[in-house]
Every structure is written in structure tokens, then in C-alpha cells.
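Using my numbering, read the sequence shown as starting at 2 and increasing by one per residue.
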Amino acid sequence: MKRPLLVLVVFFLAGELLCIKSLTISIILSAGILMLALIFMLIQIVCKNVFFKKMPFFLCICAFSFFTGAVCCFSANAHSHIYDTLLSMQYSKENTLDDVFVEGNVTKVEEKSKLWIYLKNASINKKAAGEGVIVQIPVSAHSNQKRPLAGSKISVYGKLSLFSQASNPGEFDSRSYYHNLGYDFCLSGKTWTQKGSRYDPIAECLWQLKDAIKMRLSRLLEGNIADYGIYCAVLLGDKSELDKEQKELFKDQGIAHILSVSGLHISVVGLAACGLLMKLTGSFAISGMAGSIIVLFYSAFTGNAVSTIRACVMYLILMIGRQNGRIYDMPTAAAAAALCLLIFQPLAIFQASMQLSFGAVLGISLVGDIFKKILMPSSDKTTVRINRFCSVMGLSIAMLPVLLYHYYQYPLYAILLNQLVIPFAGILLVSPAVALVLSLFAPAFGAVCLKAGHLVIYFYTVLCKLSKSLPESAQYTGRPALWRIVLYVTLLFTIGMGTRLIYEKRKRKQTDDDKEKRKKDRRRCQIAAVFLAIGCYIFGCVFLHADHTNKLEITVLDVGQGDGIFLMLPDHTTILSDGGSTSKSMLDTYILEPFLNSQAFAGLTMFLYRMPTVIILMGS
2 MKRPLLVLVV FFLAGELLCI KSLTISIILS AGILMLALIF MLIQIVCKNV
52 FFKKMPFFLC ICAFSFFTGA VCCFSANAHS HIYDTLLSMQ YSKENTLDDV
102 FVEGNVTKVE EKSKLWIYLK NASINKKAAG EGVIVQIPVS AHSNQKRPLA
152 GSKISVYGKL SLFSQASNPG EFDSRSYYHN LGYDFCLSGK TWTQKGSRYD
202 PIAECLWQLK DAIKMRLSRL LEGNIADYGI YCAVLLGDKS ELDKEQKELF
252 KDQGIAHILS VSGLHISVVG LAACGLLMKL TGSFAISGMA GSIIVLFYSA
302 FTGNAVSTIR ACVMYLILMI GRQNGRIYDM PTAAAAAALC LLIFQPLAIF
352 QASMQLSFGA VLGISLVGDI FKKILMPSSD KTTVRINRFC SVMGLSIAML
402 PVLLYHYYQY PLYAILLNQL VIPFAGILLV SPAVALVLSL FAPAFGAVCL
452 KAGHLVIYFY TVLCKLSKSL PESAQYTGRP ALWRIVLYVT LLFTIGMGTR
502 LIYEKRKRKQ TDDDKEKRKK DRRRCQIAAV FLAIGCYIFG CVFLHADHTN
552 KLEITVLDVG QGDGIFLMLP DHTTILSDGG STSKSMLDTY ILEPFLNSQA
602 FAGLTMFLYR MPTVIILMGS
């Protein structure tokens, strides 16, 4: 079987998804797959059929993968008694536990409006070891203390609570998000205490190096906050310094992926290190191994995000393949990376970052590959423009359902924008890296080198603003129903396989005698492939949308202490009544706008605002 790892990943994911409904059903289905393997084995013994020779063994592996996925998901979703206690208190006024003692190992520290300390293997009141807790300490209380060392054990007293849960359509679900990352509790404390002297020296060195690089970048940029935030995101994997307006601009126009450490960064770092060491040592084995170690350190340095881990595993497989003279297969490498991630982080599949990261890879390697085979036959020279077009189209088609499910809109001009943006992404990474090295000898040269990156950022910003100013730049589709996504993926798979089979069949029928006919036929196939790619994307944009009836729809929004009633009339007139609150702040940002976007409404037709003596009616 070609690409068996992809099949194993599918079985693993099926086990996970089914376990959410019932672990018992997952176990029964695993046993059923094993029984099927036994049947094939008996058929092979009785009939001596060569076709079934490897089938029993492969089915056993599939059953094991299915069962492992179910068990991993079940263990990741298991909750302690303290979690159940807090869950029962979530709708009462006292929804926290006071004077709770938490002790755990520091895995990450972030300084926002408060100091966030991420603890793993934490014990709560010296019980329930193995929990994930995020400690929040006011910056004023933290000012007299240094940040905790990486990997050190600390203890904190404070109020323990669960993260807030989404109670409105489209609202960000903090509880689900942090649970998928492995953190179920939030502790609000005033100070922390170091327990013992043990810590992780390698991680601590990487943290200190990151702080030193951020300080040097800040000095070189001389207060240019926008560029500083982008350089920190691209080079260090730290998005906390990003300018909010610029981040939203890039996200809304579909180029936010350039701000994440992913395959481009890993390949640049790894291949550059490998090439340099190859010239110094002359040994591919030594340079490949050293380059792989550097890549692993860079992954840890940037925070081990899902996209970074995926790129690291794929890079390691590339190096191993080259060492052994094997051809690199991107879908198989992506499947291996997915298995590595899902075994240790089973709930990562529910994160938008993982879905986007792997969706992009599979879109380029599977969907884009079909267009490449048609547009760039083996007899033609590979052109960069066609290659880029196929990759961007494959990526856009594959990522569309994920984007619409999580962000409820798609940028109309994103495909064209990415064609212009991607070629300069390497400069954005190399510019600050070279500037930092040069600044060690001559800070002025480092500042000049950053100008190249600044020009790229300026170019990106101008393009995004121009795209935003064009008509219908943002198309609101709302969150599509799951059945629409499943049908879209099924149709996409069917069209892709059918197109590939038809093309291969036509190619086999051609002979060397009819060159002119073959050339015309190839041109027709290329034109058809371009229209097919654009057609698939347009179909997805039209078909994947939120479902609405032609009847009156009423939604009562949870705005805390206040009222928020949304009405959609049969003629799709939208009315919001009140929408104010005395207990929640920034309702427009966190509740109203996400709700409207998730329901595919770009705005309101009417707004009713009630005052003690009068009702104000506002319309558009």
C-alpha cells in the first residue's frame, strides 16, 4: 500500500474522535478490526491468495492505531476530583477555591498585563499530581522578584478557578483552548516561592538568549514597535510583542502565516547549517546530524509550537532519507509528524494551529501536486511561477474549511496576495538574523541590515491596506456546519483522484508520433486544470457557510448582568436589542462581533437601546 502512515493517522484520529462519544464503542470497533484481520488471515490460509498476504498484519496495525488514539484521548480528557468540584460551582457566585496551594514545574513564562507562569506536573493541595496550571501574578507584585527559572519547581498560594467557557456562538472558548494545551486550572496568586535549586539549564540558557536577542533588537530598531513585534514573531516565535492593528490586518488579509515559525524557518536554519558544516567537514553524515541538532534547539528556542514541531520532524525525515538515498515524500513525512504530535499531545488535533499547519502541508503536497502534474509534465522544465501557483492554490483549497470554521470569513484577494508575499518571506527571516550577527561587531551595520526587512514589512503593509480598500475584500460566511465540511472534503478527494486518473490514462494513450496532437492535448489539460483549481476554490467559498432558515430566529446572548437579544427576521433583517452589560467589558470585541461573524452577518440592520424612560431606535 502506498503511504500507509497516512492510513494509520486516519485510524488514530478516528479512534480519538469516536472516544469523545464513547470509549466502549472505540474498544468494540478495535476488536472488530482485529476480527477482520483474522478473517483475511483465514482466507489467505484456505485460498492461498497472494492479495491478502500483507492485509492481516496491516489491519492489526490499524486496529492498534485506532485503539491507541482512543486511549490517548480518554487519558487526556480525564479530570480530577478538584476539576469536578470547580465545575459544579461554575454558575454560582463563589466559583473559585480560596487559599489553594499549588506546586509544579515551570515550562513557560509570559509577561502580559500579569505575569503568566505555566506549570506542568502540578499538585493541588499536595494532591492530584500531574495537573496543568497557569499561575497569574500581578506585575506590581512580581517587580521585586526575578522570573522563575526554566524547569524549576515553584509553589504558589491563591484562588483556583477554571478558565471561562464560551457561552455564545463565535465566542472564544478559553477553557477548551487551554485544555487542549494541557492546562485545566487558573491560579490567581500574589507571589511565588522557589522549591529547591534544580532547574533545566539548557532551557534556561535558551530563555536568557531569547531575552538578550529581544533587548538587542529593541536597541537596533530604536523604538520601531511594529517592526520589533514582527521580528520577534518571525525569528523568536514570540507573538506577544506584535502590534495588534498590524496583526489583525495581516490576519484579515490572509497572510498571518508569515508571522509563524514553520517549515520555511526550519528549512532555512537547517539547510544553511547543514550546507556550512558540509563545506567544513566534507561529511554529509556529520553535517546532517549537526544540522538536525541545531534545528531541534531552534524549535525549543522558539517555543515548540505545533507548526515548528511538525516542520522539525519533517526535516529530520528529509535528512534521514538523504543519508540513505531515499526519495523524500512530503505526505508521508507529514503523517509521521502528526503521529509524533498526537501520541504526546492527543488533543492537539482540536487546535486551529495544528489543523492549519497540516492542512497547508497536505494541500501543497496532495492537492497542489495534482495541478503540478498537469501543468508541469515531465518533459517540461519546472517553472517557479507555475510551481508557486499550484502550491498556493492547493494550500488555499485545503485550508478553506479550517479557516471558515475557526475565523468565519475568507479574504477574497488572499490567493493573489500570497503570490506576491511568499517570495519575500525569506528576507524577513534572514534580515534580523544577519543584523544581530553584524551588530556584535558594528551596531551601525546591524541597523542598516534591518532596513531590508523593514522594506519587506512596509511592502506587506501597503499590499494589505490596498487589498482591504478593494470592494468585498472580506467575505463573511459564518461557521459552516460539519456536514458541509465533510461533503466538501469528500468531493475534493473524489475530484482530485478522478482528475489524476483521467490525466494518467490520457497520457498513456499518447505516442511519440503525434507530437502536435500531444502538445494541443496538453495545453487543453493545463487550461482545464487552472479552471478546475479556481472552480474548486470558488465552490468552497460559496458552499461552506452558516445555515439559516427563512423563519424568525431569536438568540439570547449571555452578556452577564444585562440583556442582549438578537433577532433575524424572515427577510434577513437583523436587530440587536440592548447588548449592554454591567459585569462584562469590551462586549463588542469579545461577544457581539464574534457572534455576528459566526452567523455570517457583516453588520446590523437595526439597534434598539433601552433607557429608563425611552427606547432609542438606530437603523442602517
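Yeah, the Cβ is synthetic: ideal placement off N, Cα and C, and Gly gets one too. Bear in mind the structure is a predicted one, so any value in this text is a computation, not a measurement.
Local Cβ density within 10 Å of residue i, reported as buried at 16 or more and exposed below that
i      : result
Gly33  : exposed
His573 : exposed
Leu9   : buried
Phe58  : exposed
Arg624 : Missing from the structure shown is residue 624; the chain here goes from 2 to 621 and no further.
Trp484 : exposed
Leu210 : exposed
Arg648 : With the chain represented from 2 up to 621, any question about residue 648 goes unanswered, as that position is not in the structure.
Gly326 : exposed
Thr309 : buried
Asn169 : buried
Pro424 : exposed
Tyr329 : exposed
His180 : buried
Ser23  : exposed
Arg480 : buried
Ser380 : For Ser380, the predicted model reports a pLDDT of 46, less than 50, meaning its position is unreliable and no value from the coordinates is stated.
Gly604 : exposed
Lys373 : buried
Gln562 : exposed
Cβ-Cβ distance between residue i and residue j below 8 Å
i      : j      : result
Leu588 : Val557 : no
Pro595 : Glu249 : no
Ile214 : Leu439 : no
Gly183 : Val136 : no
Gly70  : Leu14  : yes
Tyr477 : Tyr409 : yes
Ile226 : Asp244 : yes
Leu405 : Leu597 : no
Val140 : Lys115 : yes
Ala530 : Ile344 : no
Val393 : Ile371 : no
Asp185 : Tyr119 : no
Val403 : Leu357 : yes
Leu88  : Leu60  : no
Ile267 : Ala312 : yes
Ala361 : Pro412 : no
Tyr275 : Ser288 : In the sequence under discussion, the amino acid at residue 275 is Cys, which differs from the Tyr named in the question. Yes. Within cutoff.
Leu451 : Leu236 : no
Thr192 : Ile138 : yes
Ser27  : Leu39  : no
Leu609 : Ile555 : no
Nearest-angstrom Cβ-Cβ length linking residue i and residue j, presumed shorter than 8 Å
i      : j      : result
Val262 : Gly238 : 4 Å
Ile256 : Cys391 : Going by Cβ atoms, the distance from Ile256 to Cys391 rounds to 19 Å, so no, they are not a contact pair.
Gly427 : Val269 : 6 Å
Ser241 : Glu111 : 6 Å
Glu132 : Pro347 : Actually they are not in contact, since the Cβ atoms of Glu132 and Pro347 sit about 17 Å apart, beyond 8 Å.
Asp564 : Ser578 : 7 Å
Phe302 : Leu207 : 5 Å
Val157 : Val103 : 5 Å
Short CB-CB distance (under 8 Å) between residue i and chain B
i      : result
Met394 : Of the chains in the structure shown, none is chain B; there is only one protein chain.
Secondary structure of residue i, DSSP reduced to three states
i      : result
Asp244 : coil
Gln166 : coil
Val262 : coil
Ile203 : helix
Ala151 : coil
Phe442 : coil
Lys382 : Per-residue confidence for Lys382 stands at a pLDDT of 49, beneath the threshold of 50, marking its modelled position as unreliable; the derived number appears in the next sentence. Reduced to three states, the DSSP call for Lys382 is coil.
Ser177 : helix
Met607 : strand
Gln209 : helix
Ser621 : Because the pLDDT at Ser621 is just 46, under 50, the model does not fix this residue reliably, and the value given afterwards should be weighed accordingly. Note: Ser621 maps to coil in three-state DSSP.
Gly183 : coil
Thr590 : helix
Pro472 : coil
Gln1   : For the chain, the structure presents residues 2 to 621; residue 1 sits outside this window and is missing.
Phe602 : coil
Heavy atom of the ligand ADP within 7 Å of residue i beta-carbon
i      : result
Arg311 : The ligand ADP is not part of the structure shown, which contains no ligands of any sort.
query: Taking three-plus beta-carbon pairs below 8 Å as touching, is the region 190-199 in contact with the region 146-162?
result: yes
query: Do the region 356-367 and the region 520-537 make contact, defined as three or more Cβ pairs closer than 8 Å?
result: no
- request: Please determine if the region 494-504 and the region 451-470 are in contact, where contact requires at least 3 C-beta pairs separated by less than 8 Å.
  value: no
query: Are the region 117-128 and the region 61-69 in contact at 8 Å, needing three or more beta carbon pairs?
result: no
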